[in-house]
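Participant:
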Amino acid sequence: MIAEEQLRNLTDISYQEAGIYENTRFEKIHNVVYDDAYHASAIVAREIADLIRQKEKEGKPCVLGLATGSSPIRVYSELVRLHKEEGLSFKNVITFNLDEYYPMTKQNVQSYHYFMHEYLFKHIDIPAENINIPNGELHPDEVLDFCVAYENKIKACGGLDFQLLGIGRTGHIGFNEPGSHFNSRTRMVTLDHLTRSDAAPAFLGIENVPKKAITMGIRTVLEARRVVLLAWGQNKAEIIQKAVEGPVTPQVPSTYLQEHHNTTFVMDVGAASELTRIKTPWLVGPCEWNTALTRKAVVWLCDKTGKSILRLTDKDYNDHGMEGLLTKEGSSYDLNIKMFNVLQHTITGWPGGKPNADDAKRPERSAPAKKRVIIFSPHPDDDVISMGGTFDRLVEQGHEVHIVYQTSGNIAVSNHEAIKFAEVSASLTPDASVFTDLIENMRSAADGGIDSPEVLKLKGLIREKESLGATRYMGLPDEQVHFLKLPFYETGAIKKKPLGKEDIDLMCEVIDKVKPHQIYAAGDLADPHGTHKVCLDALLESLKVLKEKPYMSDCWVWLYRGAWHEWDMHEIEMAVPMSPDQVLKKRHSIFFHQSQKDGVMFQGDDSREFWVRAEERNKETAANYHKLGLADYAAMEAFKRYYF
Ligand code: F6R
Numbered sequence: 000m001i002a003e004e005q006l007r008n009l010t011d012i013s014y015q016e017a018g019i020y021e022n023t024r025f026e027k028i029h030n031v032v033y034d035d036a037y038h039a040s041a042i043v044a045r046e047i048a049d050l051i052r053q054k055e056k057e058g059k060p061c062v063l064g065l066a067t068g069s070s071p072i073r074v075y076s077e078l079v080r081l082h083k084e085e086g087l088s089f090k091n092v093i094t095f096n097l098d099e100y101y102p103m104t105k106q107n108v109q110s111y112h113y114f115m116h117e118y119l120f121k122h123i124d125i126p127a128e129n130i131n132i133p134n135g136e137l138h139p140d141e142v143l144d145f146c147v148a149y150e151n152k153i154k155a156c157g158g159l160d161f162q163l164l165g166i167g168r169t170g171h172i173g174f175n176e177p178g179s180h181f182n183s184r185t186r187m188v189t190l191d192h193l194t195r196s197d198a199a200p201a202f203l204g205i206e207n208v209p210k211k212a213i214t215m216g217i218r219t220v221l222e223a224r225r226v227v228l229l230a231w232g233q234n235k236a237e238i239i240q241k242a243v244e245g246p247v248t249p250q251v252p253s254t255y256l257q258e259h260h261n262t263t264f265v266m267d268v269g270a271a272s273e274l275t276r277i278k279t280p281w282l283v284g285p286c287e288w289n290t291a292l293t294r295k296a297v298v299w300l301c302d303k304t305g306k307s308i309l310r311l312t313d314k315d316y317n318d319h320g321m322e323g324l325l326t327k328e329g330s331s332y333d334l335n336i337k338m339f340n341v342l343q344h345t346i347t348g349w350p351g352g353k354p355n356a357d358d359a360k361r362p363e364r365s366a367p368a369k370k371r372v373i374i375f376s377p378h379p380d381d382d383v384i385s386m387g388g389t390f391d392r393l394v395e396q397g398h399e400v401h402i403v404y405q406t407s408g409n410i411a412v413s414n415h416e417a418i419k420f421a422e423v424s425a426s427l428t429p430d431a432s433v434f435t436d437l438i439e440n441m442r443s444a445a446d447g448g449i450d451s452p453e454v455l456k457l458k459g460l461i462r463e464k465e466s467l468g469a470t471r472y473m474g475l476p477d478e479q480v481h482f483l484k485l486p487f488y489e490t491g492a493i494k495k496k497p498l499g500k501e502d503i504d505l506m507c508e509v510i511d512k513v514k515p516h517q518i519y520a521a522g523d524l525a526d527p528h529g530t531h532k533v534c535l536d537a538l539l540e541s542l543k544v545l546k547e548k549p550y551m552s553d554c555w556v557w558l559y560r561g562a563w564h565e566w567d568m569h570e571i572e573m574a575v576p577m578s579p580d581q582v583l584k585k586r587h588s589i590f591f592h593q594s595q596k597d598g599v600m601f602q603g604d605d606s607r608e609f610w611v612r613a614e615e616r617n618k619e620t621a622a623n624y625h626k627l628g629l630a631d632y633a634a635m636e637a638f639k640r641y642y643f
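Using numbering that gives the first Met the number 0, the letters of the sequence shown map in sequence onto residues 0 to 643.
Encoded structure:
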């Protein structure tokens with residue numbers, strides 16, 4: 000991890016000249032990586048606060064360029080805290096926001112205007128006249144003049160002292176999408192499809208996302224005296240690697256920042272995970288070779304050379320920066336066999352442990368032969384999508400399996416789906432008024448508005464009954480299925496409440512009741528703001544609370560990945576093979592979640608249905624094991640152990 004001071008000493012290139020940055024030699028933008036976004040955001044907020052104070056001392060205004068989106072939220076909350084608790088004043092601050100959707104009214108909750116007031120401006124003492132945000136309410140004929148005036152106003156204020164940025168998965172900064180010119184200035188742009196699909200959940204459907212935006216240009220950003228770009232989560236890892244290590248190209252507009260002399264990318268480990276020095280450290284310098292890193296390197300080398308483990312030669316290792324590893328292990332022959340066995344031992348058809356077997360080389364303990372198991376599922380369907388095959392084996396092998404659905408998932412049921420159920424109910428009862436009201440309510444509301452509590456209840460019930468269909472099909476009695484409806488989720492909107500004590504209490508209560516030997520949970524860190532991450536945080540907090548309970552010392556936690564990603568091959572600690580019949584059984588269990596089939600509301604940019612994604616992913620994991628030279632299975636589900 001790089002020291003905090005580095006963030007402050009960016010212009011001091013003497014260290015680079017001295018060559019101590021050898022391991023960053025693929026990187027063309029200065030960057031710092033932190034364990035978590037909270038800590039990193041506090042440091043960025045402190046840099047901004049110091050700048051505000053310094054400019055005040057100099058008797059000059061502090062001109063800030065600001066971003067919206069999920070990335071800067073914690074920086075803003077820290078600035079608000081500094082204002083409230085440490086007297087930081089914004090009276091001397093002038094702000095220019097990067098962008099705004101077009102067309103967009105200021106009071107729309109999706110507008111950047113609303114966002115900035117909600118997260119920052121209404122909590123601090125900035126004079127209203129010092130706030131500048133592109134105007135999404137203009138007539139098209141007024142946009143050009145507005146853009147020119149926006150640029151002139153930035154200049155008249157002395158230029159941007161500091162520009163805060165996020166990065167889109169297209170590589171955009173502001174809304175400068177691929178193709179943006181190096182010399183572009185504030186203007187109207189067309190949003191990329193990927194950008195619109197990333198924004199779709201917030202707008203409850205891509206069709207509601209505006210097609211255009213007004214954004215500051217690349218040149219406007221590059222003229223800022225200091226630029227800090229924030230990136231959190233593995234979702235951003237690929238584009239960060241391109242921006243930091245790739246060639247400068249209009250196809251990835253953030254690469255233009257390579258030509259700015261005072262830019263820092265501030266990231267968490269997820270966002271930085273594709274950088275060469277983190278992904279393949281043996282390519283940039285000597286490594287401390289432990290088993291985990293060796294495994295990562297060997298899997299990578301197989302991929303790189305197209306060989307299975309047992310075919311790797313001394314030359315392969317030497318040619319790819321692993322001579323140190325070879326020296327440590329003696330020869331490729333010994334190393335290959337050792338790593339083959341490490342991977343072989345991750346495979347088991349007994350996810351709950353094999354009774355009465357020697358478990359020294361197995362991922363799970365053999366005793367007790369019958370385990371109590373909790374499978375936490377963030378939404379009512381992640382259990383079968385992510386680990387339907389393992390779920391089936393655990394039940395079949397006689398373990399006491401409990402499924403715990405953490406949230407109701409109610410906002411993911413469309414009105415037309417829910418109307419079907421309300422109509423069936425209405426036709427079964429002589430007094431149908433309650434249902435006809437509901438139907439009317441849903442017919443007149445556009446998908447995307449906030450539902451009434453009654454509609455949310457109906458939608459939650461639909462998901463509950465679908466889940467029971469699936470768990471019964473898997474052979475579970477209903478009393479082993481729990482619906483927590485964690486309160487943080489129950490806002491009826493995409494924006495959730497922060498995790499609270501009532502959420503943790505509900506989690507602790509169910510764990511304490513079951514006293515599990517095994518817990519499975521979604522370890523989906525790709526989107527650090529998403530519901531899966533909050534549900535994982537809720538579990539980790541509960542584990543802290545319950546840690547001292549005697550049964551917890553005998554409880555192992557296994558993390559599965561959600562519908563979009565799988566663990567990397569080198570991370571997998573338990574791989575559970577599935578036969579072709581089990582693949583079909585898993586598919587059918589997913590089909591019970593009918594409201595999530597065909598054109599679901601939160602599809603993302605992947606148009607495949609959940610069962611297709613799950614099957615393709617499980618087949619790919621099996622194929623990857625086979626490519627490494629291990630057995631050839633139809634499909635596999637993968638887990639990583641979490642130690643607490
Ligand atoms: C926002 C902006 C965009 C976002 C980017 C990342 O004002 O200009 O470039 O910074 O789309 O968005 P998040 O932070 O939501 O991942």
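Even for Gly, the Cβ is constructed at its ideal location relative to N, Cα and C.
How far does the alpha helix (DSSP H) with LEU455 in it reach, from first residue to last?
Facilitator: Along the sequence shown, read from residue 1 onward, the residue named residue 455 stands at position 456. It spans 452–472 - the alpha helix (DSSP H) in which LEU455 sits, taken as one unbroken run.
Participant: For PHE120, does the count of other Cβ atoms within 10 angstroms reach 16, so buried, or fall short, so exposed?
Facilitator: Position 121 of the sequence shown, counted from the start, is the residue given in the question as residue 120. Burial call: buried.
Participant: Starting from the C-beta of MET0, find all residues in its chain whose C-beta is less than 6 Å away, skip the five residues before and the five after it, and write them out in chain order.
Facilitator: Taking the first residue of the sequence shown as 1, we reach residue 0 at position 1. For MET0, the predicted structure reports a pLDDT of 33, less than 50, and the residue's modelled location is therefore unreliable. The matter cannot be settled from this model.
Participant: ILE172: beta carbon under 7 Å from a heavy atom of the ligand F6R?
Facilitator: Along the sequence shown, one-based indexing puts residue 172 at 173. Yes, the Cβ of ILE172 comes within 7 Å of a heavy atom of the ligand F6R.
Participant: Less than 7 Å between C-beta atoms, sequence neighbours within five positions excluded: which residues of the same chain meet that for THR470?
Facilitator: Translated into the one-based positions of the sequence shown, residue 470 becomes position 471. The residues are ILE402, VAL480.
Participant: So what does DSSP say about ARG186, is it helix, strand or coil?
Facilitator: Walking along the sequence shown from the start, residue 186 turns up at place 187. Note: ARG186 maps to strand in three-state DSSP.
Participant: In chain order, what residues place their C-beta within less than 5 Å of a heavy atom belonging to the ligand F6R?
Facilitator: Taken from the N-terminal end onward, the list reads ALA66, THR67, GLY68, SER69, SER70, LEU97, ASP98, GLY165, GLY167, GLY173.
Participant: With distance defined between alpha-carbon atoms, name the residue in GLU540, THR620, GLU614, GLY561 nearest to PHE643.
Facilitator: What you label residue 643 is simply residue 644 of the sequence shown in a count that begins at 1. Checking every option, the nearest Cα to that of PHE643 belongs to GLU540.
Participant: On the premise that VAL243 lies in contact with GLU26, defined as a C-beta separation below 8 Å, what is that separation, rounded to the nearest angstrom?
Facilitator: What you label residue 26 is simply residue 27 of the sequence shown in a count that begins at 1. What you label residue 243 is simply residue 244 of the sequence shown in a count that begins at 1. Confirmed, about 5 Å.
Participant: Buried or exposed for LYS314, going by 16 or more other Cβ atoms inside 10 Å?
Facilitator: The sequence position of residue 314 within the sequence shown is 315, counting from 1. Exposed is the call here.
Participant: Excluding sequence positions up to five away, which residues of its chain have a Cβ less than 7 Å from the Cβ of VAL335?
Facilitator: In the sequence shown, counting from the first residue as 1, residue 335 sits at position 336. Note on identity: in this sequence residue 335 is Asn, with Val being the wrong assignment. So the qualifying residues of the chain are ILE308, LEU309, LEU311.
Participant: Tell me the rounded alpha-carbon separation between HIS29 and MET573.
Facilitator: On the sequence shown, residue 29 is found 30 positions in, with the first residue counted as 1. On the sequence shown, residue 573 is found 574 positions in, with the first residue counted as 1. Roughly 37 Å separates the two Cα atoms.
Participant: Assuming the contact rule is C-beta atoms closer than 8 Å, ARG184 and ARG225 should be a hit. Round their C-beta distance to whole Å, please.
Facilitator: One-based indexing of the sequence shown puts residue 184 at position 185. One-based indexing of the sequence shown puts residue 225 at position 226. Between ARG225 and ARG184 the Cβ distance is about 20 Å, and since that is not below 8 Å, they are no contact.
Participant: Pull up the DSSP beta-bridge partners for GLY64, would you.
Facilitator: As a working mapping, residue 64 is identified with position 65 in the sequence shown. Looking at the DSSP assignment, GLY64 forms a beta bridge with PHE95, GLN162.
Participant: Look at the alpha carbon of SER588 and the alpha carbon of GLU615, and state the distance between them as a whole number of angstroms.
Facilitator: Against the sequence shown, residue 588 aligns to sequence position 589. Against the sequence shown, residue 615 aligns to sequence position 616. One C-alpha to the other measures close to 16 Å.
Participant: Go ahead and label GLU395 buried or exposed: buried means 16 or more other beta carbons lie within 10 angstroms of its beta carbon, across all protein chains shown.
Facilitator: As a working mapping, residue 395 is identified with position 396 in the sequence shown. It counts as exposed.
Participant: For ALA621, which of ILE346, GLU84, TYR404 has the nearest alpha-carbon?
Facilitator: Locating residue 621 in the sequence shown gives position 622, counting from the first residue. Cα-wise, what sits closest to ALA621 is ILE346.
Participant: To the nearest angstrom, how far is the alpha carbon of ILE238 from that of LEU78?
Facilitator: Numbered from 1 along the sequence shown, position 239 holds the residue referred to as residue 238. Numbered from 1 along the sequence shown, position 79 holds the residue referred to as residue 78. Looking at the two C-alpha atoms, the distance is approximately 28 Å.
Participant: For CYS534 and GLY408, I'd like the C-alpha separation in whole angstroms.
Facilitator: Counting from 1 along the sequence shown, the entry for residue 534 is found at position 535. Counting from 1 along the sequence shown, the entry for residue 408 is found at position 409. Spanning the two alpha carbons is a distance of roughly 12 Å.
Participant: Please state the DSSP three-state secondary structure of ARG371.
Facilitator: Working through the sequence shown from its first residue, we reach residue 371 at position 372. Correct three-state label for ARG371: strand.
Participant: Can at least three beta-carbon pairs, one atom from the stretch 408–421 and one from the stretch 455–465, be found at a separation below 8 Å?
Facilitator: Yes, since at least three Cβ pairs between the stretch 408–421 and the stretch 455–465 fall closer than 8 Å, the two stretches touch.
Participant: Considering Cα atoms alone, identify which of LEU467, PHE420, PRO350, LYS370 is closest to MET386.
Facilitator: Your numbering for residue 386 matches position 387 in the sequence shown. Selected option, being the one with the closest Cα: PRO350.
Participant: Bridge partners of ARG640, per DSSP?
Facilitator: Taking the sequence shown and counting its residues from 1, one reaches residue 640 at position 641. Answer is TRP557.
Participant: Our contact map puts GLY64 next to TYR101 with C-beta atoms below 8 Å; I'd like the distance itself, whole angstroms only.
Facilitator: Within the sequence shown, the letter at position 65 stands for residue 64. Within the sequence shown, the letter at position 102 stands for residue 101. Rounded, the Cβ-Cβ distance is 19 Å, inconsistent with contact.
Participant: With a cut-off of 8 Å on the beta carbons, I'd call LEU159 and PHE95 a contact; round off their distance for me.
Facilitator: In the sequence shown, the residue the question calls residue 159 occupies position 160. In the sequence shown, the residue the question calls residue 95 occupies position 96. Confirmed, Cβ separation roughly 7 Å.
Participant: DSSP state of ILE123, grouped into three classes?
Facilitator: As a first step, residue 123 must be located in the sequence shown, where it is residue number 124. Coil.
Participant: From GLU422 to ASN234, what distance separates their C-alpha atoms?
Facilitator: Stepping through the sequence shown from its first residue, residue 422 is reached at position 423. Stepping through the sequence shown from its first residue, residue 234 is reached at position 235. One C-alpha to the other measures close to 40 Å.
Participant: Put SER40 into one of helix, strand or coil per three-state DSSP.
Facilitator: Walking along the sequence shown from the start, residue 40 turns up at place 41. Looking at SER40 - three-state DSSP - the assignment turns out to be helix.
Participant: Using CA atoms only, rank isn't needed, just tell me which of PRO209, VAL188, GLY58 is closest to THR104.
Facilitator: For the purposes of this step, residue 104 is taken as the residue at position 105 of the sequence shown. Out of PRO209, VAL188, GLY58, PRO209 has the C-alpha closest to the C-alpha of THR104.
Participant: First and last residue of the beta strand (DSSP E) that includes TYR647?
Facilitator: Summary: the structure shown does not reach residue 647, with the chain confined to residues 0 through 643, and so no result is reported for it.
Participant: Could you tell me if VAL108 is buried or exposed, where buried requires 16 or more neighbouring beta carbons within 10 angstroms of its beta carbon?
Facilitator: For the purposes of this step, residue 108 is taken as the residue at position 109 of the sequence shown. Exposed, by the Cβ-count rule.
Participant: Using DSSP with H/G/I as helix, E/B as strand and the rest coil, what is VAL208?
Facilitator: Numbered from its first residue, the sequence shown carries residue 208 at position 209. The answer is coil: DSSP assigns VAL208 none of H, G, I, E or B.
Participant: Please report the distance separating the alpha-carbon of LYS543 from that of LEU498.
Facilitator: By 1-based counting over the sequence shown, the position of residue 543 is 544. By 1-based counting over the sequence shown, the position of residue 498 is 499. Taking the straight line from one Cα to the other gives about 15 Å.
Participant: Taking THR263 as part of the beta strand (DSSP E), name the residues at either end of that continuous run.
Facilitator: By 1-based counting over the sequence shown, the position of residue 263 is 264. It spans 262–267 - the beta strand (DSSP E) in which THR263 sits, taken as one unbroken run.
Participant: Nearest-angstrom Cα distance between TYR519 and TYR641?
Facilitator: By 1-based counting over the sequence shown, the position of residue 519 is 520. By 1-based counting over the sequence shown, the position of residue 641 is 642. TYR519 and TYR641: Cα-Cα distance of roughly 10 Å.
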